[in-house]
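Asks:
In the numbering used here, the protein residues as written are 1 to 592.
1) Could you work out which residue in 533, 350, 368, 228 is closest to residue 280 when comparing CA atoms only?
2) Report back the beta-carbon spacing between residue 251 and residue 295 to the nearest angstrom; my notes put them in contact at under 8 Å.
3) What residue range does the beta strand (DSSP E) around residue 494 cover?
4) Identify whether residue 408 lies in helix, strand or coil by the three-state DSSP scheme.
5) Along the beta strand (DSSP E) that carries residue 128, what are the first and last residues, could you check?
6) Should residue 439 and residue 401 be called a contact, given that it needs their Cβ atoms to be closer than 8 Å?
7) Does the distance from the C-beta atom of residue 313 to that of residue 567 stay below 8 Å?
8) For the beta strand (DSSP E) that residue 29 lies in, which residues bound it at each end?
9) How long is the line joining the alpha carbons of residue 384 and residue 558, rounded to whole angstroms?
10) Going straight from the alpha carbon of residue 112 to that of residue 186, what length do you get?
11) Between the C-alpha atoms of residue 253 and residue 343, what's the straight-line distance to the nearest angstrom?
12) Please state whether the Cβ-Cβ distance between residue 158 and residue 126 is less than 8 Å.
13) Over the uninterrupted beta strand (DSSP E) stretch that includes residue 333, give me the two end residues.
14) Going by Cα to Cα distance, which pick from 544, 12, 555, 74 is closest to residue 57?
15) Can you list, in chain order, the stretches of the alpha helix (DSSP H) that have 4 or more residues and sit fully within the region 345-403?
16) Using only the alpha-carbon positions, how far apart do residue 324 and residue 330 sit?
17) Does the contact criterion of 3 or more C-beta pairs under 8 Å hold for the region 539-553 versus the region 178-197?
18) Classify residue 470: buried if its beta carbon has 16 or more other beta carbons within 10 angstroms, exposed otherwise.
19) Roughly how many whole angstroms lie between the Cα atoms of residue 424 and residue 414?
20) Is it right to say residue 19 is buried, meaning 16 or more other beta carbons lie within 10 angstroms of its own, or is it exposed?
21) Quickly, what does DSSP pair residue 588 with across the bridge? List them, please.
22) Could you check which residue in 70, 304, 278, 106 has the C-alpha nearest to that of residue 247?
23) If you measure between the beta carbons of residue 506 and residue 392, is that distance less than 8 Å?
24) At what residue ranges does the region 268-321 contain a whole run of the beta strand (DSSP E), taking only runs of 3 or more?
25) Would you check if there are 3 or more beta carbon pairs closer than 8 Å linking the region 514-534 to the region 359-369?
26) Please go through the same chain and pick out, in chain order, the residues whose beta-carbon is closer than 7 Å to the beta-carbon of residue 612, but skip the five residues on each side of it.
27) Nearest to residue 595 by CA position, among 333, 28, 201, is which residue?
28) Inspect the beta-carbon positions of residue 149 and residue 108 and report whether they are closer than 8 Å.
29) What do you reckon, are the CB atoms on residue 387 and residue 553 nearer than 8 Å?
30) Taking DSSP as the reference, what is the three-state secondary structure of residue 512?
31) According to DSSP, is residue 430 helix, strand or coil?
32) Measuring only the C-alpha atoms, how far is residue 256 from residue 272?
33) With DSSP collapsed to three states, give me the class of residue 191.
34) When DSSP builds the beta bridges, which residues end up paired with residue 121?
35) Are there three or more Cβ pairs, one per stretch, closer than 8 Å when the region 472-480 is compared with the region 134-154?
36) Can you look up residue 72 in the DSSP assignment and give me helix, strand or coil?
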């Protein structure tokens, strides 16, 4: 039956049945639920209003007497629905909880703090004889509270004169504080000498929190406005960088330019045997922080002609732009220039401009990580501004050589074994594309044959498998191997298969404090964070394998690896502002 009325509420009673079947009603509450579904418990008022309390007490005693007769012992709670029609309340029991329910904690906390004693009407009286009322809320929650330290919240209460006072038994006490800093959630019990005063304390607590949030946002806005990113200098730097050709493992000209600029900015630099450019910049404090972007781009990248149209930088359509990842490089360099010109306080910094990222990050994989001191890293190599990579797939590389037998295709085709036919048969029997929600597979390159009228003796194929599951990637590789082996056996060819998991995947907890700190700074700069999983791989994959807590963020690059690649100048500026702001805030220092 659906219960409705002019007003509807949900009181409850806490009952104890003794061994001698004596029944006592310890308390009554009016439970508070969310406004939308009216199903999620948020807190409670104590005690229930007088007109409800008498009905709840009477019905609770009836239910408890029946349960006692059936042999029930111990503590339980009974939930009711009360409806009001024409100024008359009707109360209906709907649920029995054979355990301490959500109202138990606040009730026991109030008794513990005040030493109040239960009365026959299920109210509480303090030692001075005063009735005690409270308003308890277990789900005070806002994303604006994320990062607020429990000690700071307690200080705010004390400063406002709202903290619980044992001499008067009036004030607010806090709980669930372990969830405050990371989730923006906590609970409060507001105790007073009347129901209205208790609820007023809760409203005052909300006002204190709102004032704190407003001050924080004002301070953050002021800090954000103080970010001294030079828009034109940043754009000019990016345009200059994309004109320098730097395909994978041919980054030397670009690396030379970057190294000279780093030295001019006061960094100590070195180039390792793989060609990675590593720089260090002294700063204040003892906790260094690592910034990373890669120098190489995919082809075609010779003679890039960048075109600026409004706020968009693109190419003339004959080459890639190289925004992947010269956007990241340019943004990091601009931040370093700001530190040099503004003398802003910053931590010690380590910079890695890596080589060969586009070829399975084989540059970063050769770095001597024992020389890297940072525990946390920001990889600047993602997609849209605001994106934060929480998880990345494993990536396997597959290289196949198929050996057949050459012969004249018109004179004696029977003597030949077509390597192309073997390849075609193998691919036909492979499941490629999207394998399942976590796995993809592809054969991206096929090379074979040299002349129209000869049976092709050799074919090479290059493919890949990506998956968030290591087991699934190995299963797919096994199926691809079998398809190749079956085809080679059918036609009499030979195989040389080389496959390896080139990059390990990773998954970062959604509640990870470092990830949360990135989100928080983005929001401060009015960047909407978007936490994603990606089948792509970056230098973060390798760093994580070496114990560095690295997270990759979006750079604003659009249509990478195509001649339509472009970037919005506003995104480029926002990226540099974010890096600057996050570095000077030093959020990671609290996590080490």
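Don't be surprised by glycine CBs; every beta carbon is placed ideally from N, CA and C.
These numbers were taken from a predicted model, which means no experiment stands behind them.
Replies: In short:
1) Residue 280 has its Cα closest to that of 350, out of 533, 350, 368, 228.
2) About 4 Å separates the Cβ atoms of residue 251 and residue 295, confirming a contact at the 8 Å cut-off.
3) Here the beta strand (DSSP E) through residue 494 covers 494-503.
4) Strand.
5) For residue 128, there is no enclosing beta strand (DSSP E), as DSSP gives it neither H nor E.
6) Taking a C-beta distance under 8 Å as the contact criterion, residue 439 and residue 401 do not qualify as a contact pair.
7) Yes, the pair counts as a contact, with Cβ atoms nearer than the cut-off.
8) In the DSSP annotation of this structure, the continuous segment of the beta strand (DSSP E) that includes residue 29 starts and ends at 23-33.
9) C-alpha of residue 384 to C-alpha of residue 558: approximately 7 Å in a straight line.
10) When the Cα atoms are used, residue 112 and residue 186 turn out to be separated by approximately 20 Å.
11) Roughly 30 Å separates the two Cα atoms.
12) Going by C-beta atoms, residue 158 is not nearer than 8 Å to residue 126.
13) No beta strand (DSSP E) holds residue 333; the alpha helix (DSSP H) holding it covers 323-342.
14) Checked all of 544, 12, 555, 74; the closest Cα to residue 57 is 12.
15) Here no run is fully enclosed.
16) Counting only the Cα atoms, residue 330 lies some 11 Å from residue 324.
17) Under the three-pair Cβ rule at 8 Å, the region 539-553 does not count as touching the region 178-197.
18) The residue in question, residue 470, is exposed, as its Cβ has fewer than 16 Cβ neighbours within 10 Å.
19) Distance from the CA atom of residue 424 to the CA atom of residue 414, rounded to whole angstroms, is 18 Å.
20) Exposed, since its Cβ has fewer than 16 Cβ neighbours within 10 Å.
21) Under DSSP, no beta-bridge partner is assigned to residue 588.
22) Closest by alpha carbon: 304.
23) Yes. Within cutoff.
24) Here the runs fully enclosed are 268-271, 277-281, 289-294, 306-309, 312-315.
25) Touching, no.
26) The displayed coordinates of the chain run from 1 to 592. Any statement about residue 612 would go beyond what the structure contains.
27) The requested residue 595 does not occur in the structure, where the chain is confined to residues 1 to 592.
28) No. Outside cutoff.
29) Cβ atoms of residue 387 and residue 553: closer than 8 Å.
30) Here DSSP, grouped into helix, strand and coil, assigns residue 512 to coil.
31) If DSSP states are grouped into helix, strand and coil, residue 430 belongs with coil.
32) In a straight line, the C-alpha of residue 256 is about 13 Å away from that of residue 272.
33) Three-state DSSP puts residue 191 in a strand.
34) Paired residue(s): none; residue 121 is not in a bridge.
35) No, because fewer than three Cβ pairs between the region 472-480 and the region 134-154 fall closer than 8 Å, the two stretches do not touch.
36) Looking at residue 72 - three-state DSSP - the assignment turns out to be coil, as it is neither helix nor strand.
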